[in-house]
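Everything on this sheet refers to the single structure shown next.
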Amino acid sequence: MATSIGRWQEKEPGLFDKLGHTVVHEGELPRHSVYTRFLHWAYGICFFLALFTGFATYMPFLFRWLAPAFGGPATTRMLHPYFGVGFVFFFGLQAINWWGPMTWTEADSRWMGRLSQFLRNEEAVEPEDVGMYNGGQKLQFWEILVGSIVFLVSGIIMWAGARSFGATAVAVSYILHDISALVMLFGIFFHLYQATFGQPGTIQAMTKGTVSEAWAWTHAPAWYRQMTGRDPRQALEQERQRRIARERAIEQLARSSGPGQPPSGRS
Amino acid sequence: MSERTVLQTQQISGHPGPVPGRGTQRDLEVCKLVDTTTCIGCKACEVACVEWNDMPFQPTTFDNTYQTMPETNWNYWNLIKFREHQREDGTLMWLMRKDQCMHCGDPGCLDACPADGAIVKYANGIVDFHQENCIGCEFCVSGCPFNIPRFNPETKKVYKCTLCSDRVGQGLEPACIKACPTGCLHFGTKEDMKALAETRSKQLREVSGFKDAGVYDPEGVGGTHVIYVLHDAQNPELYAGLPKDPKVSFAYKAWKSIFKPLGLIGATLGFVGVVFHYVFEGPRREQPEVPPTKPQSPAGRKEA
């Protein structure tokens, strides 16, 4: 067998080598570098801070109770654009980082066509052409990128205010900023769900930086092939056989180990 | 309003003569009438405003007109705007308009303001800013069709004319009215000022030869509590850009009150969606799935 613990570092800015490392255990594949993870959590935190300050300030009829946490309504409003700039800055770096793997391909169009099957869990594993990111993830990435640009432009207009850009520009920005926020909020529920309850075993990609091989051949078969050089379907079948064989071996062991043991429940 | 009429005396037992106060019930809404045709540009109202509101005078810019400064400021709420206008026959007119908050019936600043209690509209029509609740977002600036609210970058609060709500609340006229030497400024109920303005416009049309003279009380913002008599009511833009048909932006009307809350409901459907997915479809697990733990068959219980 391979060594039980392998260390893996991908090419990334030197600073992040010192910030953390990625330990790849046996049966795992490295998925996100320290740099990628750092950016993800940086803009993730900024997103929620901007979301909550935005809610508290601009939807006070429902969320004014959030304002005291940020130091009162005036401070909340003062902080909101800085959180927003932080979000756009870190997401912008991530967009550069992810530009290649997020490029839209034929496979993603096919994936979008099969969206209803995906949502209904009709197939246990993803089609073989699904790479590091599936069509849905890429769609969300591009939505957030476009949304960030809308946020930035409309946000700067509102930040400088009607004094600088005129009343109409601010009024239009107000609507666009809202739409961008609502669309992103709608999307973030799916992101949170898929990363945690929807696809168990996913969130470690952004915490430890690794995923299990089983995760890879299930959710990103083409990426699995790219990372390991093995056929994802074959690997899955081998694993299945290995488990059946193991099960049988345990049963045999139980049977031969004497009459004291209760019979196996498996028929 | 019903409460005003509830205690109005109609009949009195054994009382000689007419019932005192009967029929004198007045419209609660106050109004400032600015007759631009009799303004001489003396700036007494400007001085009275900074005096009463205890605002220091600021260095200003001279722009070769009879105007104190180019625009109103956060500590200068009342400015006589001066425009020289050449009429079709080649003669000149000096147009002087007292620029201040119009105290709209349907205030765009109030619609735009997201801060609780930062802008209030009193029953008498005065629109007032409460700076202690202001969060400094300046949406009122973009919501105002008259470009009135002024931001103070130091305090990060917005200020404007209060129509001397502190004076009016005590039964006094606004400071500018008290200072005006020509009688160009009037203060009273909306109804009375409207009638006075109409009378004056009629006089201008019939006697003074201003055929287009009229009252400026724009409907688009629900009428205002500062109304003008203009020589040329057809072209209010001549008076330093008084908007002809001011309106509150769609963004702070339909969008803010209807579509934005609907959008929030729409966005929470994302949450509802994933909960439904988890409940009815279940998570998507890594394959091959780990089989459920074999139930430990208790002795004597037959398994299926």
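Chains B and G, in that order, are what the protein sequence lines are. Each residue of the first sequence is one higher than the one before, counting from 1 in the working numbering. Each residue of the second sequence is one higher than the one before, counting from 1001 in the working numbering. We put the CB at the ideal spot given by N, CA and C, even for glycine. Here the structure is a predicted model, which means the values were calculated and not measured.
- Judged by pairs of C-beta atoms under 8 Å, the segment 65-75 of chain B touches the segment 1122-1142 of chain G, as three or more such pairs exist.
- Identification of residues in the segment 1234-1256 of chain G having a C-beta nearer than 9 Å to some C-beta of chain B yields Ser1249, Phe1250, Ala1251, Tyr1252, Trp1255 and Lys1256, given in sequence order.
- G/Cys1161 and G/Gln1100 do touch by the CB rule: their CB atoms are close to 4 Å apart, below 8 Å.
- Of the residues G/Asn1147, G/Thr1268 and G/His1231, the one whose Cα lies closest to the Cα of G/Trp1074 is G/Asn1147.
- B/Gly54 has a beta carbon lying at 7 Å or more from every beta carbon in chain G.
- With a cutoff of 7 Å on beta-carbon distance, G/Gly1117 and B/Phe189 are scored as not near each other.
- Residue burial annotation: G/Asn1064 is exposed, with fewer than 16 other C-beta atoms found within 10 angstroms of its C-beta.
- Residue state for G/Lys1098 is assigned as strand, using DSSP reduced to three classes.
- Around the beta carbon of B/Glu237, a 10 Å sphere encloses fewer than 16 other beta carbons of the protein chains shown; the residue is thus reported as exposed.
- Here G/Asp1054 is exposed. Its C-beta has fewer than 16 other C-beta atoms within 10 Å.
- The continuous alpha helix (DSSP H) containing B/Thr228 extends over residues Pro221 to Thr228.
- Within chain G, the residues placing a beta-carbon under 7 Å from that of B/Pro73 are Ala1115 and Ile1135, ordered along the chain.
- Residue pairing of G/Phe1151 in beta bridges, as defined by DSSP: G/Val1158.
- Of all alpha-carbon atoms in B/Trp41, B/Glu122, B/Gly20 and B/Asn97, the one lying nearest the alpha-carbon of G/Phe1280 is that of B/Glu122.
- For G/Lys1190, the number of other beta carbons within 10 angstroms of its own is at least 16, and it is reported as buried.
- For B/Pro81, the uninterrupted alpha helix (DSSP H) segment begins and ends at Pro73 to Trp98.
- Residue contact check for B/Arg77 against chain G: a CB pair falls below 7 Å.
- Of all residues in the segment 121-132 of chain B, the ones placed with a Cβ closer than 7 Å to any Cβ belonging to chain G are Asn121, Ala124 and Val125, in chain order.
- For G/Val1272, no beta strand (DSSP E) segment is defined; the enclosing uninterrupted segment is the alpha helix (DSSP H) at Lys1260 to Phe1280.
- Three or more Cβ pairs closer than 8 Å define a contact, and the segment 1174-1187 of chain G falls short of that threshold against the segment 1272-1289 of chain G.
- For G/Pro1283, the chain B residues whose C-beta falls within less than 7 Å of its own C-beta are Phe197, Gly198, Gln199 and Pro200, listed in chain order.
- CA-to-CA, the gap between G/His1103 and B/Ser116 works out to about 55 Å.
- When secondary structure is reduced to three states using DSSP, G/Val1226 falls in the strand class.
- Closest option to G/Asp1217, judged by alpha-carbon separation, among G/Gly1014, G/Ile1012, G/Cys1031 and G/Pro1018: G/Cys1031.
- Within the DSSP bridge table, the entry for B/Lys208 names no partner.
- For B/Asp231, no chain G residue has a Cβ inside 7 Å of its Cβ, as the nearest lies near 14 Å away.
- Within the same chain, Arg225 come within 7 Å of B/Asp231 by CB-CB distance, once the 5 residues on both sides are set aside.
- For G/Pro1218, the three-state secondary structure derived from DSSP is coil.
- In terms of Cβ geometry, B/Val170 and B/Ala162 form a close pair [threshold 7 Å].
- In this structure B/Gln194 touches B/Thr202 by the C-beta definition: roughly 7 Å separates them, less than 8 Å.
- Uninterrupted alpha helix (DSSP H) stretches at least 4 residues long and entirely within the segment 152-202 of chain B occur at 162-165 and 167-193, given in chain order.
- Taking 8 Å as the upper bound on Cβ-Cβ separation, chain B lies near no residue of the segment 1035-1062 of chain G.
- For G/Arg1083, the uninterrupted beta strand (DSSP E) segment begins and ends at Leu1079 to Gln1086.
- Note: G/Tyr1076 is bridge-paired with G/Asn1073 in the DSSP secondary-structure output.
- In its chain, beyond the 5 residues on either side, Gly131, Met132 and Tyr133 have a beta carbon closer than 8 Å to the beta carbon of B/Pro101.
- Secondary structure at B/Ile144: helix, using DSSP grouped into helix, strand and coil.
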